[in-house]
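Working notes for the structure below.
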Amino acid sequence: MWQQNYTPFGGSLAVSALFASLPILALLWTLGVQRIAAWKASLIGLTLATMVALVIYDMPVVTTFSAIAYGAAFGLFPICWIVYWAIVLYRISLESGKFEIIKDSIGSLTRDAHLQALLIAFALGAFIEGACGFGTPVAVAAAMLTGLGFSPFYAACICLLANTAPVAFGSLGLPLITLAGVTGLDLRKISADVGRLCAPISILIPGYLIKVMGGWSALRRVLLAAAVCGISFATAQILISNFVGPYLTDIIASLAAIVALIILFHIWKPRQLTEAASPSKNADPEHKHSVHDIVIAWSPYGLLVVLVLVWGISSVKGWLDSATIIFNWPHLNEMVLRIPPVVPKPSPYAAKFTLNLLSISGTAAMIAALGSSLVLQMPVIETTRIIVATGKQMFHTFITISGVVAMAFLMNYSGATVTLALALAATGSVFPFFSPLLGWLGVFLSGSDTSSNALFGNLQVVTANQLGLNPVLMAAANSSGGVMGKMISLQSIAVAAAATGLKAADEGRLFRFTLKHSILLVSLMGLLTLFYAYVMPGWVR
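Just so you know, the sequence shown maps onto residues 2 to 542 in the working numbering.
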């Protein structure tokens, strides 16, 4: 068994962290400066991570390439599986002609592009995040906005920014369930503190989206809607997370925002509609459709929501999981020994692959897509063409996601990610500011708040105890800061680009656009954590 070493270069944490950061710096350079396509950037990052693991960390060759294969497999399933079927669902709705009815029905609520963004990117996206996560909300919401007439780039940007507030409670609370499992902390306390960290940011996100879309003038024009959306979501988020738990926080908060917006749209309208130069081409208000036509048009997404919620019912999930196959990943499972402080005592690093073909939400999306083709009376040959064409369209997306997840897994198993975390943890009394950055780093690398919590949750607790800080708050900060890294993870960018039909060359542009917003928002989360840690410690659990 090979033992991890978190200071492999002469025992120096600083120099070791510099080498460990090379794959991340490569991603930033290739995407942000050289403007290389994301799939090529992911392979460059993976190559550098491999060299660092072999040369600096002295990781065995077989173990190294097994970790790469493990990460690539996880990237394909479940992540690509979920996103692929979400996009197939959208293509069926679009090419059947029913999406025009969806556009008109949304237009009957509001023809304003900024209000449509609040309703779909933020509120509906949060609902889908709460139900299944794993990139599905970005895929569905970005595709819908593109269909409504938003430019593909704006649709991708807006949905990536919107997919922040709900992420910590996504997939029926899975990130926090994982965090409680690895830290041994009380789940209800973690849920409460994450709610208290995320709710203030949730209030700001809707307005922030509008500011990004159209500047201060646009925000002033629809400030009431942005405030109603943010306050209704944040109020439900903090109440449910504190008094009920993490499982339904996103579901109820997003429904509160959706209902509040629909009521507002019926009693208030902005003084003028978004001009034609805006990112959206508004739906034609003269189109009238029967209730039957509208129900049929929305049936693909209605079916998706129903199936995803059914998939989340414990009894149904238990039955579906009876077909799940879990196996030890060869040449990796318990072949790596993790050591303190990332774990309480030296322990083997597990590597078990879960092939849950039935219980994964991507299968619910597949059934929704195929079922929708029947409801919409689409010929089998046309459905088959869409399925094949979507696979071809997403080929480079599959490479990007597999490559960057493989890189993340390799950095985890080699110990490079822990080296970077320990460097941040060495900041002493200002650690509460950097605590969310750990989660941010984990999500940037893995694309998953769940994975980030599994990786850094215990390290947060150990560091908090060493510094005399609140361990529940620091663990909660890991998950809360992690959500701000979602918009810059290459998996999310690849999903958004695929959903909107962006060219590969535009992925670097998308990364550069979201990076500055990601840094700003995680910095706000750091300041909020500092406030709770030193100014108002009694406000958290």
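By construction, the Cβ of each residue, glycine as well, lies at the ideal position given by its N, Cα and C atoms. As the structure is a computational prediction, the values presented were derived from the model and not from experiment.
How big is the Cα-Cα spacing for V473 and V484? 17 angstroms
Go ahead and pull the three-state DSSP assignment for P286. Residue confidence for P286 is low, a pLDDT of 48 falling below 50, so the modelled location carries little weight and cannot support an answer.
Pick out whichever of I37, A144, V62, G131 has its Cα sitting closest to the Cα of A87. A144
Whole angstroms is fine: what's the gap from T428's alpha carbon to A237's? 35 angstroms
If I follow the unbroken beta strand (DSSP E) through F154, where does it start and stop? Careful: F154 lies outside any beta strand (DSSP E), inside the alpha helix (DSSP H) at 153 to 163.
Looking at A478: is its Cβ nearer than 7 angstroms to the Cβ of T418? no
Just the Cα atoms here: how many angstroms apart are F532 and G126? 30 angstroms
Does the stretch 327 to 339 come close enough to the stretch 383 to 390 that 3 or more CB-CB pairs lie under 8 angstroms? no
First through last residue of the beta strand (DSSP E) which encompasses R112: No beta strand (DSSP E) contains R112, which DSSP labels as neither H nor E.
Exposure of M488, with buried meaning 16 or more beta-carbon neighbours within 10 Å: buried
Can you tell me the Cα-Cα spacing of L442 and I382, whole angstroms? 44 angstroms
Residues bridged to F20 by DSSP? In the DSSP output, where bridge partners are listed per residue, F20 has none listed.
Which word fits N454, buried or exposed, when buried means at least 16 other C-beta atoms lie within 10 angstroms of its C-beta? buried
Supposed close pair A166, L146 - CB separation, criterion 8 angstroms: In fact, because the Cβ distance is near 17 angstroms, the residues do not count as touching under 8 angstroms.
According to DSSP, V337 sits in a beta bridge with which residue or residues? W3
How many Å lie between P280 and Y85 at the Cα? Because P280 sits at a pLDDT of 46, beneath the cut-off of 50, its placement in the model cannot be relied upon, and the point is left open.
Paired residues, beta bridge with N329 - DSSP: K353
In the structure shown, what three-state DSSP assignment does S348 receive? strand
Check D187 in the structure and name its three-state DSSP category. coil
Test item: CB-CB of G136 and A407 under 7 angstroms: no
Return the first residue and the last residue of the alpha helix (DSSP H) that F399 is part of. 396 to 415
Where do the N-terminal and C-terminal ends of the alpha helix (DSSP H) with Q467 fall, by residue? 450 to 468
Looking at the secondary structure, which residues open and close the alpha helix (DSSP H) in which R513 lies? 507 to 531
Let's see if you can read the secondary structure: which residues bound the alpha helix (DSSP H) around K41? 39 to 52
Taking contact to mean 3 or more Cβ pairs, one atom from each stretch, closer than 8 angstroms, check whether the stretch 150 to 158 and the stretch 494 to 510 are in contact. yes
How many angstroms separate the CA atom of T65 from the CA atom of F399? 21 angstroms
6 angstroms CB neighbourhood of P301 in its chain, flanking five on each side removed: L90, S94, S373
If you check the beta carbons only, do V444 and S490 fall under 7 angstroms apart? yes
Please determine, among D450, T384, V63, the residue with the shortest C-alpha to C-alpha distance to C133. D450
Could you give the DSSP three-state label for R542: helix, strand or coil? coil
Beta-carbon proximity check, A39 vs I494, cutoff 7 angstroms: yes
How many Å lie between A365 and N357 at the Cα? 12 angstroms
Can you say whether G392 is buried or exposed, counting buried as having 16 or more other CB atoms within 10 angstroms of its CB? exposed
Smallest Cα separation from H290: which of S362, S348, E101, G363? E101
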